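Asker: If you're matching positions, the sequence shown starts at 691 in the numbering used here and goes up one per residue. Ideal Cβ positions, reconstructed from N, Cα and C, are used throughout, including at glycine. These figures come from a predicted structure and were not determined experimentally. Structure in structure tokens, see below.
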Amino acid sequence: MRNGIIACAVLIAVIYLPFVTGLHHGFLLIDVGLILLGLVISAVLGRQGDMARQLFKSTSELQQQTKHLKLEITERMKAEKEIRSLSIGAIETLVFALEAKDKYSAGHSRRVTFFATAIGNKLNLSDQDMEDLRYGSLLHDVGKIAVDQPVQNKITRLTPNEYAHIMGHVQAGADIVKPVVNSKVVGLIEHHHDRYDGGNQQQSVTGINIPLGARIIAVADAFDAMTSNRPYRSAMSTGQAVKEIRNFTGTQFDPAVVDAFLKIPPDEINAILENKNEN
Ligand SMILES: [Fe+2]
691 MRNGIIACAV
701 LIAVIYLPFV
711 TGLHHGFLLI
721 DVGLILLGLV
731 ISAVLGRQGD
741 MARQLFKSTS
751 ELQQQTKHLK
761 LEITERMKAE
771 KEIRSLSIGA
781 IETLVFALEA
791 KDKYSAGHSR
801 RVTFFATAIG
811 NKLNLSDQDM
821 EDLRYGSLLH
831 DVGKIAVDQP
841 VQNKITRLTP
851 NEYAHIMGHV
861 QAGADIVKPV
871 VNSKVVGLIE
881 HHHDRYDGGN
891 QQQSVTGINI
901 PLGARIIAVA
911 DAFDAMTSNR
921 PYRSAMSTGQ
931 AVKEIRNFTG
941 TQFDPAVVDA
951 FLKIPPDEIN
961 AILENKNEN
């Protein structure tokens, strides 16, 4: 509006300049017409200017609001990530405490995680799949907190009921971690005892329908278990355990995962196994 008034004032000044200077020759009607035209133009320009300013103001406000909203979302996501990380850390601590009580399983989940991520690297998993695999491996046996110790440490053959009780750790573990990890990690824990050929009666999927991370954990878990002392047997050598893994390729284990496992350099395997079975 202000620009319109200025334009109008300039127009009037230009028109009446001849009167002031004495150079006017009687074109009053034309002048009046020009003044009216100037007023109309100024009104239109002023109106358009107001609308443009209003639009600019609204756009700026919207941009500010969007910026605030983005900041708020980022802050909230950061806070949620921190809370999730703390919760996972607490569950990991629970696993390590549980394993530390038993000399036969001390450090098991950490070693399984090292083996599983080494296999994952050989299979070129994505960053997200590697992160899921790491959490799945660390937490795969957390459900053992629900298993009775006498059954867990039994030296003689398990009865079918005792075996079912121990295998209940799979679902118990999935239930424990569900509130703090994504559904893929839950799936890795749920399926880590599935056999590739579907030989386990409890499993709902077979072959490549078993989540890849669970097929990886199955090999890593079995290898670490075989190379560890147990109440009912001594640890196998690395060579014997590798032979066993080969023997069960295509039945218990996914051949592609076994191939990847066999590509891990012996030095890396020995480094992971170092310091175990010292008790
Ligand atoms: Fe397990």
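Pull up the distance between the alpha-carbon of residue 893 and that of residue 879, whole angstroms please.
Answerer: 12 Å
Asker: From the DSSP output, read off the bridge partner residues of residue 939.
Answerer: 943
Asker: Opposite residue 920 in the DSSP bridges: which residues?
Answerer: 923
Asker: Regarding residue 944 and ligand 1, is the C-beta to nearest heavy atom distance less than 6 Å?
Answerer: Checking every heavy atom of ligand 1 against the Cβ of residue 944, none is found closer than 6 Å.
Asker: Just tell me which of 762, 784, 743 and 826 has its CA closest to the CA of residue 872.
Answerer: 826
Asker: Which runs of the alpha helix (DSSP H) at least 4 residues long sit entirely within the stretch 831 to 904? Give them in chain order.
Answerer: 839 to 842, 850 to 857, 859 to 867 and 873 to 880
Asker: Measure from the alpha carbon of residue 962 to the alpha carbon of each residue in 804, 741 and 946, then state which is nearest.
Answerer: 804
Asker: Quick check on residue 969: buried or exposed, where buried means 16 or more other Cβ atoms within 10 Å of its Cβ?
Answerer: Bear in mind that the predicted position of residue 969 carries a pLDDT of just 45, short of 50, making it unreliable; the figure below should be weighed with that in mind. By the neighbour-count rule (16 or more Cβ atoms within 10 Å), residue 969 is not buried but exposed.
Asker: Who are the near neighbours of residue 784 in its chain, counting only those whose CB is closer than 8 Å to its CB and skipping five residues on each side?
Answerer: 832 and 835
Asker: Starting from residue 814 and walking both ways along the alpha helix (DSSP H), at which residues does that stretch end?
Answerer: Neither: residue 814 is in no alpha helix (DSSP H) and is coded neither H nor E.
Asker: Quick check on the burial criterion: 16 or more other C-beta atoms within 10 angstroms. Buried or exposed for residue 923?
Answerer: Residue 923 is exposed by the Cβ-count criterion.
Asker: Which residue's Cα is closest to the Cα of residue 895: 765, 884 and 851?
Answerer: 884
Asker: When you compare only the Cα positions, how much space is there between residue 856 and residue 841?
Answerer: A direct Cα-Cα distance of roughly 8 Å separates residue 856 from residue 841.
Asker: Hey, is residue 831 close to ligand 1, as in C-beta under 6 Å from one of its heavy atoms?
Answerer: yes
Asker: Considering Cα atoms alone, identify which of 770, 902 and 791 is closest to residue 811.
Answerer: 902
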